[in-house]
Amino acid sequence: IDTPGHVDFTVEVERSLRVLDGSVALFCAVGGVEAQSETVWRQAEKYKVPRIAFVNKMDRQGADFFNVYNEIKEKLGANPVPVQIPIGSEETFSGIVDLIEMKAVRWNEDETYGISYSLEDIPSDLVDQAKEWRGKMVEAAAEVDDEILEHYFDDPESITKEQLLAVIRKATIEGTIVPMMCGSAFKNKGVQRLLDAVCAFLPSPLDVGQITGINPVIKKEVKRSPDVSEPLAALAFKIATDPFVGRLAYLRIYSGKIESGEQVYNSRTGKKERISRLYQMHSNKQNPKDEIGAGDICAIVGFKDIRTGDTLCDIKHPIELESMEFPEPVIGIAVEPKSQNDLDRLSNGLSKLAEEDPTFQVSVDPDSGQTVIRGMGELHLEIIVDRLRREFKVECNQGAPQVAYKEAISIPVEHREVFRKQTGGRGKFADIIVRLEPAEDGYAGLEFIDNVKGGNIPREYIPAVQKGFVEVMSNGPLAGFPIESMKVTLLDGSYHAVDSDSLSFEICAKQAFRHAGAKAGPKLLEPVMKLEIVTPEEYMGDII
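According to our numbering, the sequence shown is numbered sequentially starting from 2.
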């Protein structure tokens, strides 16, 4: 599973690491450990995913393998153990020294693009450096294995290749070391050895062992082994839309097996889902399968309600696996279709894209009525708008969301309002004396206090006065923006035995606000952002 390195697509990394047993962390030989490298590393640490570090772009100007080694150690707090060192760098990068076999691997500079390579003796100018780094590698292995430790003190040269591979694999799976390699993917140098290392050092599903979940019925912890004979436990980690087969749900099978046409239980919804078809994915190609067993990743179609993070299991043996945590969106833009005829297609497209991507959210602003889409960054939203055009044939206009201003009153004011209306027959009458003032700090909405004494206003009309003020707060006296908060005290008033009713007092309250609000020092409020800054300690002083 390849994941983007851009910060806007953190969700792809999060859900992939949740279901992977091992990973390869790519570092630029020039840039080293970048800000996003630290974020992705923390995600891998959270899910305890064993990893290999691969330093790419060794042929670029400014490439420095050993500088990246130091940065991984210092910035990430990891224990990198080079199992290779480069032969040359920048334009002179021609191969690597394999510290396990103590041989040089050189790639042929011809039209085979690195497909063919040869094993040679280590160049004389690198022999001492290779011995030094092999010593460090053996020392790291000795720290986690007693047998290697004995050989290390007695005769380091007697340690075999097989022993080293086994110990490095064990330490990598335990997370105590990170094997470090290098190459140039563009020129196909070092890639073959990296693939060998994936097989040699990273765990199989059997190495990972049992997974733990919660039985949603009895609320107790249960375990599942990576065995096809166990009850089914699978995690849906991605929802995608395919133009030919429709909606696909990608599953990681942790135990048991899943068969085409069978029914499975969704722990979140408590309902059954029928798997109409089953595919093994190879890039964007679907290979139909009748069944998929524990340890594999597959895609299913034909489901009704499966979301990212749902657990699918055997209905007789329910289990709920740990889901995923997704960050909240950080940026929003307003969108509208260029043609009103596309309104339904825009709504349909946005809802499908939101199903696929948990960090993409769609909402209608209650104040402005605009459709606002939110995501992890500008690039994220650009791609969403591009997909709307390509996949759903919707052209849309984009713009910044309208600022949701609010209003507030700043000074206390007392006011008497008399509402009288005669229409022949029964009329309307209400009389109230109120004090308007700013609400207490931290109070949102209307703070209403009834101070009427002696029954001057009957109790049944008091809620109508409150209702009138609540409704009129949505339209402030200054520019028509909502009032953030306000305190209203009903001091006194009077009524008419025949003409007064609840509606009269409600209308009277609204008129009182319109007349008194303008005298209460109305002010415009702008949104205030709460900003959290995360920085390394050495830059704390400069930032403050």
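Positions of the beta carbon are idealized from the N, C-alpha and C atoms, including for glycine.
Point to revise | PHE10 (DSSP reduced to helix, strand or coil) | key: The count along the sequence shown starts at 1 and reaches residue 10 at position 9. Helix.
Review point. Per DSSP, which one or two residues make a beta bridge with GLN264?
Key: The count along the sequence shown starts at 1 and reaches residue 264 at position 263. Bridge partners of GLN264: ARG275.
Point to revise | Test item: CB-CB of THR360 and PRO402 under 8 Å | key: Taking the first residue of the sequence shown as 1, we reach residue 360 at position 359. Taking the first residue of the sequence shown as 1, we reach residue 402 at position 401. No, they are not a contact pair.
Review point. According to DSSP, what are the bridge partners of ASN398?
Key: Along the sequence shown, one-based indexing puts residue 398 at 397. Answer by DSSP bridge pairing, in chain order: GLU337.
Check your understanding: So the alpha helix (DSSP H) GLY518 belongs to, where does it begin and stop?
Key -> Your numbering for residue 518 matches position 517 in the sequence shown. GLY518 -> alpha helix (DSSP H) spans 503-518.
Point to revise | Inter-residue spacing [alpha-carbon to alpha-carbon] between ALA440 and THR490 | key: Locating residue 440 in the sequence shown gives position 439, where the first residue counts as 1. Locating residue 490 in the sequence shown gives position 489, where the first residue counts as 1. Each residue's Cα considered, the two are about 11 Å apart.
Check your understanding: In angstroms, rounded to a whole number, what distance separates the CA positions of ARG61 and ALA30?
Key -> Position 60 of the sequence shown, counted from the start, is the residue given in the question as residue 61. Position 29 of the sequence shown, counted from the start, is the residue given in the question as residue 30. Each residue's Cα considered, the two are about 8 Å apart.
Review point. How about LYS488 and GLU438: do their beta carbons lie closer than 8 Å?
Key: Position 487 of the sequence shown, counting from 1, holds the residue named residue 488. Position 437 of the sequence shown, counting from 1, holds the residue named residue 438. Using a Cβ distance threshold of 8 Å, LYS488 and GLU438 count as a contacting pair.
Review point. Taking the C-alpha atoms as reference points, what is the distance between ALA142 and ALA201?
Key: Here residue 142 refers to the residue found at position 141 of the sequence shown. Here residue 201 refers to the residue found at position 200 of the sequence shown. Rounded to the nearest whole angstrom, the CA to CA distance from ALA142 to ALA201 is 15 Å.
Review point. Do VAL145 and VAL179 come within 8 Å of each other at the CB atom, strictly closer than that value?
Key: In the sequence shown, residue 179 corresponds to position 178, counting from 1. In the sequence shown, residue 145 corresponds to position 144, counting from 1. One thing to note: VAL179 has its Cβ no nearer than 8 Å to the Cβ of VAL145.
Review point. Near ILE544, which residues of its chain fall below 7 Å by C-beta distance, leaving aside the five closest residues on each side in sequence?
Key: Stepping through the sequence shown from its first residue, residue 544 is reached at position 543. Listed in chain order, the non-local C-beta contacts of ILE544 below 7 Å within the same chain comprise ILE534 and THR536, local neighbours out to five positions each way being set aside.
Practice item. Just mark ASN267 as buried or exposed, buried being the case when its beta carbon has 16 or more other beta carbons within 10 Å. Key: Counting from 1 along the sequence shown, the entry for residue 267 is found at position 266. By the neighbour-count rule (16 or more Cβ atoms within 10 Å), ASN267 is buried.
Check your understanding: Just checking my contact of ILE97 with ALA131 at CB under 8 Å: how many whole Å lie between their CB atoms?
Key -> By one-based count along the sequence shown, residue 97 stands at place 96. By one-based count along the sequence shown, residue 131 stands at place 130. Contact doesn't hold; Cβ gap of about 10 Å is too wide.
**Study point:** Run of the beta strand (DSSP E) containing TYR251, from where it starts to where it stops
**Key:** Against the sequence shown, residue 251 aligns to sequence position 250. Per DSSP, the unbroken beta strand (DSSP E) holding TYR251 starts and ends at 247-256.
Point to revise | Among LEU27, ARG436, GLU396 and GLN287, the one whose alpha carbon lies nearest that of PRO413 | key: Here residue 413 is taken as the residue at index 412 of the sequence shown, counted from 1. For the residues LEU27, ARG436, GLU396 and GLN287, the minimum Cα distance to PRO413 belongs to ARG436.
**Study point:** Distance, ASP306 Cα to SER277 Cα
**Key:** Numbered from its first residue, the sequence shown carries residue 277 at position 276. Numbered from its first residue, the sequence shown carries residue 306 at position 305. Take the alpha-carbon of SER277 and the one of ASP306: they are about 14 Å apart.
Exercise for review: Keeping to the same chain, check which residues put their C-beta closer than 6 Å to that of SER495; ignore five residues upstream and five downstream.
Suggested key: Working through the sequence shown from its first residue, we reach residue 495 at position 494. ASP432 and ASN457.
Exercise for review: Kindly indicate which three-state DSSP category LEU532 falls into: helix, strand or coil?
Suggested key: As a working mapping, residue 532 is identified with position 531 in the sequence shown. In this structure, LEU532 counts as coil in the three-state DSSP scheme.
**Study point:** Three or more C-beta pairs below 8 Å linking the segment 63-83 and the segment 34-41
**Key:** Yes, the segment 63-83 touches the segment 34-41.
**Study point:** Nearest to THR213 (by Cα), restricted to the options GLU140, ASN189 and THR312
**Key:** Numbered from its first residue, the sequence shown carries residue 213 at position 212. The shortest C-alpha separation from THR213 is found at THR312.
Point to revise | Straight-line Cα distance separating ARG253 from GLU231 | key: Position 230 of the sequence shown, counting from 1, holds the residue named residue 231. Position 252 of the sequence shown, counting from 1, holds the residue named residue 253. Using only the alpha carbons, I get a separation of about 15 Å.
Exercise for review: Output the distance between the C-alpha atoms of GLY310 and GLU274, rounded to the nearest integer angstrom.
Suggested key: The residue given as residue 310 occupies position 309 in the sequence shown. The residue given as residue 274 occupies position 273 in the sequence shown. One C-alpha to the other measures close to 15 Å.
Point to revise | Between the CA atoms of TRP108 and SER185 - distance to the nearest angstrom | key: Here residue 185 is taken as the residue at index 184 of the sequence shown, counted from 1. Here residue 108 is taken as the residue at index 107 of the sequence shown, counted from 1. A direct Cα-Cα distance of roughly 11 Å separates SER185 from TRP108.
Review point. Under 8 Å between the Cβ atoms of ASP9 and GLY378?
Key: By one-based count along the sequence shown, residue 9 stands at place 8. By one-based count along the sequence shown, residue 378 stands at place 377. Result yes, Cβ atoms of ASP9 and GLY378 sit closer than 8 Å.
Check your understanding: Which parts of the segment 55-93 are runs of the alpha helix (DSSP H), unbroken and 4 residues or longer, counting only runs that do not cross its ends?
Key -> The DSSP assignment places complete alpha helix (DSSP H) segments of no fewer than 4 residues inside the segment 55-93 at 66-77, in order along the chain.
Exercise for review: Check the DSSP bridge columns for CYS200 and list the partner residues they point to.
Suggested key: Start at 1 with the first residue of the sequence shown, and residue 200 comes out as number 199. Note: CYS200 sits in no beta bridge, so no partner.
Exercise for review: Jot down the residue ranges of each uninterrupted beta strand (DSSP E) in the segment 325-396, minimum 3 residues, whole runs only, in chain order.
Suggested key: Restricting attention to beta strand (DSSP E) runs no shorter than 3 residues, the segment 325-396 encloses them at 332-338, 362-365 and 372-376, ordered along the chain.
Review point. Should LYS162 and GLU102 be called a contact, given that it needs their Cβ atoms to be closer than 8 Å?
Key: Taking the sequence shown and counting its residues from 1, one reaches residue 162 at position 161. Taking the sequence shown and counting its residues from 1, one reaches residue 102 at position 101. Going by C-beta atoms, LYS162 is nearer than 8 Å to GLU102.
Exercise for review: Can you have a look at ILE160 and say buried or exposed, based on whether 16 or more other CB atoms are within 10 angstroms of its CB?
Suggested key: The residue given as residue 160 occupies position 159 in the sequence shown. Residue environment analysis places ILE160 among the buried positions, since at least 16 neighbouring C-beta atoms fall within 10 angstroms of its C-beta.
**Study point:** Beta-carbon proximity of MET138 to VAL82, cut-off 8 Å
**Key:** Residue numbering aside, residue 138 sits at position 137 when the sequence shown is read from its first letter. Residue numbering aside, residue 82 sits at position 81 when the sequence shown is read from its first letter. Contact flag set, yes.
Check your understanding: Is THR4 helix, strand or coil by DSSP?
Key -> In the sequence shown, the residue the question calls residue 4 occupies position 3. When DSSP states are grouped into helix, strand and coil, THR4 belongs to the coil group.
Practice item. On the DSSP bridge assignment, give the partners of TRP108 in chain order. Key: Along the sequence shown, one-based indexing puts residue 108 at 107. Per DSSP, TYR118.
Point to revise | C-beta neighbour in chain B for ALA250, strict 8 Å | key: No chain B is present in this structure, which holds just one protein chain.
Practice item. Quickly, what does DSSP pair GLN281 with across the bridge? List them, please. Key: As a position in the sequence shown, residue 281 is number 280, starting the count at 1. According to DSSP, which records beta bridges pairwise, GLN281 is partnered with ASN288.
Practice item. Spatial neighbours of GLY89 within its chain, please: CB distance less than 7 Å, with the 5 preceding and 5 following residues excluded, ordered by chain position. Key: For the purposes of this step, residue 89 is taken as the residue at position 88 of the sequence shown. Same-chain partners within the cutoff: SER95.
Review point. Taking the beta strand (DSSP E) that ASP451 falls in, what are its first and last residues?
Key: Along the sequence shown, read from residue 1 onward, the residue named residue 451 stands at position 450. That run of the beta strand (DSSP E) goes 446-451.
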